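For reference, the structure discussed in these notes is given below.
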Amino acid sequence: MQSTMWNSMGTSPLATTVAAAALFVATTGDVFAQHVRINEARIDQPGADTDEYFELSGLPGTDLADVWYIVIGDGPGGSGVVEHALDLSGSVIGADSFFLVAESGWTGDPLEVDLEAVLNFENGDNVTHVLVTEFAGLVNDDLDIDDDGILDTIPWTTIIDDFALIEEGGTGDLVYSDTRIGPDGQFVPSHVYRYEDHWGGWNIGPLDPIGGDDTGGMSNAFRPGWITLALTGGCEGEVIAEVTGALPDASVWILVAREPGGFFFPNQCFGLQLTLSRPIWARQYTADGSGYVNSGPVTVGPSGCGTWIQAVDEQACRVTNMVQIQ
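Take the sequence shown: its letter number 122 is residue 102 in the working numbering, and every next letter is one higher.
Below is the structure:
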């Protein structure tokens, strides 16, 4: 098999765009919903619920003025009661495309938290989580007086995104979203996240955040165990990179950067937009029917020693772990 070369490419800046589809389309007004989505949430865990959070994804710099996170559950009057309402005014989605709201006791990386808030999400019934604009109601307002599953009062201007967490399918409290997640066995889901950031379908994570699937404040593409990269060989010789866990027949890019920070992946893909901010080598491969890629023998020159390798599944917009050539 022909050997290729992985080597540093000098010090000149390099910017490469692969399948350069826009991450989001900059819009305003009625299509604000295209900018922001609920991307992940945790409402329960073993013991005290100190790790409750929700995560939004959206265009960096999006102003969250008059955006509210609402939870609709039950109360003395039945279903349709506002249990939680949090005003996100004064907040802006950061450069990483995520906005994380978490409890003060959150045990994840504190640097990922954009807003600390008291959440106290209900976790024993069917509930509806809704992201809206210009909420004018109050906590404990009953929006469905006759409990027929149709809101009698709509105290907001626009629904941006919503989902319902189901403990009992077809029974229990009414929900007010067509996106219904659960039940998780006999329980309401404790942790939910999109398979792919922003636009993907929903998945149920484990009850316990310790060793679980939580990626609050980060791309869901970094969820461990989905796609992995292994390297054999070493510096000033030949190495082989192997990728497992990609989608069958997917387009997979294997990339080399001088530093771990040399990779920049927008957090949402239509195809894959890839901006490389440091000197880098990149090559496209096609996974086999089991999602496996083998780079074949690649010669590493002296200046390639100490560089970092990562792979990206372009179809799923998922990335592997990073491996250093040593």
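Glycine residues also receive a C-beta, built at the ideal position from the N, C-alpha and C atoms. Nothing here was measured: the structure is a model prediction, and the numbers come from that model.
Beta-carbon proximity of residue i to residue j, cut-off 8 Å
i: D153; j: D54; result: yes
i: V62; j: D43; result: no
i: D67; j: W48; result: yes
i: T300; j: I161; result: no
i: A267; j: V232; result: yes
i: T159; j: A144; result: yes
i: I289; j: V303; result: yes
i: L235; j: A262; result: yes
i: A221; j: D293; result: no
i: G60; j: D124; result: yes
i: I146; j: V168; result: yes
i: D46; j: S69; result: yes
i: T340; j: S157; result: In the structure as shown, the chain starts at -19 and stops at 306, and residue 340 therefore has no counterpart that could be examined.
i: W182; j: V172; result: yes
i: A296; j: E176; result: yes
i: P26; j: D188; result: yes
i: R22; j: D194; result: yes
i: I305; j: G276; result: no
i: P163; j: E216; result: no
i: S170; j: N100; result: no
i: D127; j: G58; result: yes
For residue i: DSSP bridge partner residues
i: V273; result: V223
i: G38; result: V16
i: Y265; result: V232
i: H64; result: V51
i: I289; result: V236, V303
i: A28; result: Paired residue(s): none; A28 is not in a bridge.
i: G185; result: H171
i: S59; result: D54
i: F143; result: H109
i: A210; result: E222
i: I161; result: L145
i: F307; result: As shown, the chain starts at -19 and ends at 306. That puts residue 307 outside it, with no answer to give.
i: A21; result: F34, V172
i: T138; result: T113
i: D153; result: In the DSSP output, where bridge partners are listed per residue, D153 has none listed.
i: D43; result: V72
i: D122; result: V61
Same chain, Cβ closer than 6 Å to residue i, neighbours up to 5 away in sequence not counted
i: H64; result: V51
i: T138; result: T113
i: A116; result: P135
i: E96; result: S84
i: V223; result: L209, V232, V273, A291
i: G225; result: W206, I207, T208, G271
i: G286; result: none
i: D76; result: none
i: G192; result: G185, P186
i: D94; result: F79, L80
Chain-order list of residues whose beta-carbon lies under 7 Å from that of residue i (same chain, five-residue window excluded)
i: G196; result: E20, Y33, E35, L80, A82, G88, E92
i: I264; result: Note that residue 264 is Gln in the sequence shown, not Ile. Same-chain partners within the cutoff: S231, W233.
i: G41; result: V72, I73
i: D122; result: G55, G57, G60, V61
Cβ of residue i within 8 Å of any chain C Cβ
i: T133; result: In summary, chain C is missing from the structure at hand, where a single protein chain is found.
Closer than 7 Å: residue i CB and nearest the ligand ADP heavy atom
i: H15; result: As far as ligands go, the structure on display features none, and thus does not contain the ligand ADP.
Own chain residues within Cβ distance below 8 Å of residue i, not counting five before or after
i: D142; result: I18, T108, H109, V110, L111, Y156, S157, T159
i: T212; result: V219, I220, E222
i: E200; result: According to the sequence shown, residue 200 is Asn rather than Glu. Taken in chain order, the residues that qualify are N19, E20, Y173, R174, Y175, E176, D177, G180.
i: D31; result: R22, Q25, A82, E83, G85, W86, T87, G88, P189, D194
i: I130; result: D124
i: E148; result: N106, P163
**Study point:** beta strand (DSSP E) segments (min. 3 residues) lying fully within the region 80 to 109
**Key:** Uninterrupted beta strand (DSSP E) stretches at least 3 residues long and entirely within the region 80 to 109 do not occur.
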